[in-house]
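Numbering (UniProt numbering), first residue to last: 1 to 230.
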């Protein structure tokens, strides 16, 4: 059943340097569970017991943190091949600190926490590689969360948008790119109101700094955008 998802799994850094044959052996040892969720269905709610890491096989998933006042902050949006829960796996945390929600009909492969970080009963040769890959993933995710904090620390709407678009420009290494989130999701990610964000984007377009159509963004004046992102 999982063989159809091997190309997706191979794009996940958890399986870096692990070939198809080893993935077969790995999965037979880890005994993953495949679950399907409908659009807007909660995969996990903050406070639920944490038992497994999830890898998105199909669909799209949002990781959300809610403040004490009920404000939703989108931590990340996950595409097929990406995972959630990896930051908790090596910690003493026993409960989900975030909510995980399916944005569209989604299929997830769940790997038991103890199966990954515990001692392998079969002494599989790939287990060391798996742990090393997981540590790299956790380190990279920590860096990503630091970037998220940077966005939240910027006070002005224009500054937040400019910093975000500039980072996306650097990530794609081109002036035109497609965002992997819609306006509502971007507003959640930057922790701003959607109407205010849309107005500011329109101003940036009118000033010739950016252009956009739906989720497609074009940087028209990189120098101006860089100055506003500082």
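Backbone N, C-alpha and C fix where the C-beta goes; we use that ideal spot for every residue, glycine too.
Residues near residue 220 in its chain [Cβ-Cβ closer than 7 Å; skip 5 each side]:
Closer than 7 Å at the Cβ level, and outside the excluded window around residue 220, lie 208, 209, 210, 211.
For this session: Compute the Euclidean distance between the alpha carbons of residue 169 and residue 151, then round it to the nearest angstrom.
Result: Between the alpha carbons of residue 169 and residue 151 lies a gap of roughly 15 Å.
**Q.** Backbone secondary structure at residue 187 - three-state DSSP
**A.** When DSSP states are grouped into helix, strand and coil, residue 187 belongs to the helix group.
- Message: My parser needs the alpha helix (DSSP H) runs of 4 or more residues fully inside the region 103 to 168; what are they?
- Response: If one requires a minimum length of 4 residues, the alpha helix (DSSP H) runs lying completely within the region 103 to 168 are 113 to 117, 127 to 153, in chain order.
Inter-residue spacing [alpha-carbon to alpha-carbon] between residue 50 and residue 42
If you take the alpha carbons of residue 50 and residue 42, they lie about 14 Å apart.
Worksheet item: Once you ignore the five residues that flank residue 204 on each side, which residues in its own chain have a CB closer than 6 Å to its CB?
Response: 210, listed in sequence order.
- Name the one or two DSSP bridge partners that residue 84 has. Answer by DSSP bridge pairing, in chain order: 54.
Cβ-based neighbour list, residue 103, same chain, cut-off 6 Å, excluding 5 preceding and 5 following: In its chain, beyond the 5 residues on either side, 60, 62 have a beta carbon closer than 6 Å to the beta carbon of residue 103.
For the region 9 to 28 against the region 89 to 96, do three or more pairs of beta-carbon atoms, one drawn from each stretch, fall closer than 8 Å, so that the two count as touching? Contact between the region 9 to 28 and the region 89 to 96 is absent: fewer than 3 CB-CB pairs across the two stretches fall below 8 Å.
| message | Taking the beta strand (DSSP E) that residue 210 belongs to, which residues open and close that run? | response | Looking at the DSSP string, the run of the beta strand (DSSP E) that includes residue 210 is 210 to 213.
**Asked** What are the boundary residues of the alpha helix (DSSP H) that residue 25 is part of?
**Response** 20 to 30 is the span of the alpha helix (DSSP H), which, as asked, contains residue 25.
task = Can you grab the Cα-Cα spacing for the pair residue 199 / residue 206, in whole Å?
result = Distance between the alpha carbons of residue 199 and residue 206 is about 11 Å.
task: May I ask which residues mark the beginning and end of the beta strand (DSSP E) holding residue 216?
output: 216 to 219 is the extent of the beta strand (DSSP E) around residue 216.
Going by the DSSP bridge assignment, what does residue 15 pair with across the sheet? Bridge partners of residue 15: none, in fact.
**Report entry** residue 53 versus residue 26 - alpha carbon distance
**Finding:** Approximately 15 Å between the Cα atoms of the pair.
Rounded to whole angstroms, how far is the Cβ of residue 184 from the Cβ of residue 194, which I believe are closer than 8 Å?
Contact between residue 184 and residue 194 holds: their C-beta atoms lie close to 6 Å from each other, under 8 Å.
Local Cβ density within 10 Å of residue 223, reported as buried at 16 or more and exposed below that: Note on residue 223: under 16 other CB atoms within 10 angstroms of its CB, so exposed under the neighbour-count rule.
**Message:** What residue range does the beta strand (DSSP E) around residue 76 cover?
**Reply:** Counting along the chain, the unbroken beta strand (DSSP E) around residue 76 starts and ends at 72 to 78.
Would you decide whether residue 85 is buried or exposed? Buried here means 16 or more other CB atoms lie within 10 Å of its CB. It counts as buried.
Let's see if you can read the secondary structure: which residues bound the beta strand (DSSP E) around residue 62? Looking at the DSSP string, the run of the beta strand (DSSP E) that includes residue 62 is 61 to 66.
Is the beta carbon of residue 181 sitting closer than 9 Å to the one on residue 74? Taking a C-beta distance under 9 Å as the contact criterion, residue 181 and residue 74 qualify as a contact pair.
**Request:** Report, in whole angstroms, the separation of the C-beta atoms of residue 215 and residue 179, which I expect to be a contact under 8 Å.
**Result:** Yes, they are in contact, since the Cβ atoms of residue 215 and residue 179 sit about 4 Å apart, within 8 Å.
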